[in-house]
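Working notes, structure below.
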Amino acid sequence: AQSVAQPEDQVNVAEGNPLTVKCTYSVSGNPYLFWYVQYPNRGLQFLLKYITGDNLVKGSYGFEAEFNKSQTSFHLKKPSALVSDSALYFCAVRDKMSNFNKFYFGSGTKLNVKP
Amino acid sequence: DTAVSQTPKYLVTQMGNDKSIKCEQNLGHDTMYWYKQDSKKFLKIMFSYNNKELIINETVPNRFSPKSPDKAHLNLHINSLELGDSAVYFCASSPSPSGVYNEQFFGPGTRLTVL
C-alpha cells in the first residue's frame, strides 16, 4: 500500500531558528511527493512538490524539501522560521496505481513558531 | 477573486436530516474533488469528477452523493446525516485528472456539525 507518515504531531521552534517537518513515504518505484500547508480555518495551500530531478526542491514562502530515496524521506525545511509559519503541514503522495490524481495525505504536523 | 469557493462555511444540523454543500471553481480546471477532514485533521479523498464524469469513488457510504452539473461545480449531498459525518469537508480542483505536475487547489472548507 502507498502511504506517507508524519512521525511528529507537533514541532516547536523559535523564530529565526531553522525548522524541519518530517515525512517518510512507502511507495513502490519513484514517488510523486507534495507538501501542503493549512492555516487556521483555511483550506490547504500547495507549497512544493517532487516529481523527478534535483533532490532539493524549493517552494513557496522560503520552504524547501529534500527527497532522500535511501531513507524514503521528504522532509520539509526552512532556514529561518517566522511566527507566521505557524500552521498545520501535510505531506502527500500521489497514488501511482491510479490513473488519476488520487493523493494520500499524512496525518499532519502542527508547527508552532514562538517569538 | 476566490479561486475555489464553498457554501455554506458552517452547517449545523440534526441527525437524520439531508443537507447539501456546494463548490465552485473559477480556475477553468477540468477536475474537482471532495475530501473529508476528521477531528484529528486526517484528510481523506471521497470523490473526484472530471468534466462532469465520476473518476474517483472511494469507500464512502452511499448516503453521500456527489453531483457535478458542469465542470466548474461539484456539489455534495448527504442523506440521513449521522453523528460520525461531523467533519470539515474540503472541495479542491486541479487542471486535469492525471497530470502528475498538477497540484490541487483547495476551498476554505465547510464545517459540518451533526447534533
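Protein sequence lines, in the order shown, are assigned to chains A and B.
Just so you know, we're using my numbering here: the first sequence kicks off at 245 and counts up by one.
Just so you know, we're using my numbering here: the second sequence kicks off at 2 and counts up by one.
Glycine residues also receive a C-beta, built at the ideal position from the N, C-alpha and C atoms.
Which same chain residues end up closer than 6 angstroms to residue i when comparing Cβ atoms and leaving out the 5 residues on each side of it in sequence?
| i | result |
| --- | --- |
| A:LYS321 | THR264 and GLU308 |
| B:HIS74 | GLU25 |
My understanding is that residue i touches residue j, with C-beta atoms under 8 angstroms, so please give their C-beta distance in whole angstroms.
| i | j | result |
| --- | --- | --- |
| B:PHE48 | B:PRO67 | 4 angstroms |
For residue i, count neighbouring C-beta atoms within 10 Å of its own C-beta (all shown protein chains included) and say buried if the count is 16 or more, exposed if not.
| i | result |
| --- | --- |
| A:TYR276 | buried |
| A:GLY260 | exposed |
| B:MET16 | exposed |
| A:ALA258 | exposed |
| A:ARG338 | buried |
| A:GLN282 | buried |
| A:GLY350 | buried |
| B:VAL13 | exposed |
| B:LEU28 | exposed |
| A:TYR294 | buried |
Quick check: residue i and residue j, are their CB atoms within less than 8 angstroms of each other?
| i | j | result |
| --- | --- | --- |
| A:GLN246 | A:LYS340 | yes |
| A:THR316 | A:TYR333 | no |
| B:SER99 | A:ASN345 | yes |
| B:ILE46 | B:ILE57 | yes |
| B:SER95 | B:GLU104 | yes |
| A:ASP271 | A:CYS335 | The amino acid at residue 271 of chain A is misidentified as Asp; the sequence shows Val. Against a cut-off of 8 angstroms, the Cβ pair of A:CYS335 and A:VAL271 comes out as no contact. |
Within the same chain, show all residues whose beta-carbon is closer than 7 angstroms to that of residue i, passing over the 5 residues directly before and after it, in chain order.
| i | result |
| --- | --- |
| B:THR8 | LYS23 |
| A:TYR348 | GLN246, SER247, VAL248, ALA336, VAL337 and ASP339 |
>> Give me the subset of the region 339-355 of chain A whose CB atoms are less than 7 angstroms from a CB atom of chain B, sorted by chain position.
In response: ASN343, PHE344, ASN345, LYS346, PHE347, PHE349, SER351 and GLY352
>> Short of 7 angstroms Cβ to Cβ, which residues in the region 292-318 of chain A face chain B?
In response: LYS293 and ILE295
>> By the 7 angstroms beta-carbon criterion, what residues does the region 75-92 of chain B contribute toward chain A?
In response: PHE91
> For the region 42-64 of chain B, which residues have a CB atom closer than 7 angstroms to at least one CB atom of chain A, in sequence order?
Replying inline: Against chain A - using a Cβ distance shorter than 7 angstroms - the residues of the region 42-64 of chain B are LYS42, PHE43, LEU44, ILE46, SER49, ILE56 and ILE57.
> the region 277-289 of chain A: which residues have C-beta closer than 9 angstroms to a C-beta of chain B, in chain order?
Replying inline: PHE278, TYR280, GLN282, ASN285, ARG286, GLY287, LEU288 and GLN289
> Of the residues that make up the region 11-30 of chain B, which ones have a beta carbon closer than 8 angstroms to any beta carbon in chain A?
Replying inline: none
> the region 97-108 of chain B: which residues have C-beta closer than 9 angstroms to a C-beta of chain A, in chain order?
Replying inline: SER97, PRO98, SER99, GLY100, VAL101, TYR102, ASN103, GLU104, GLN105, PHE106, PHE107 and GLY108
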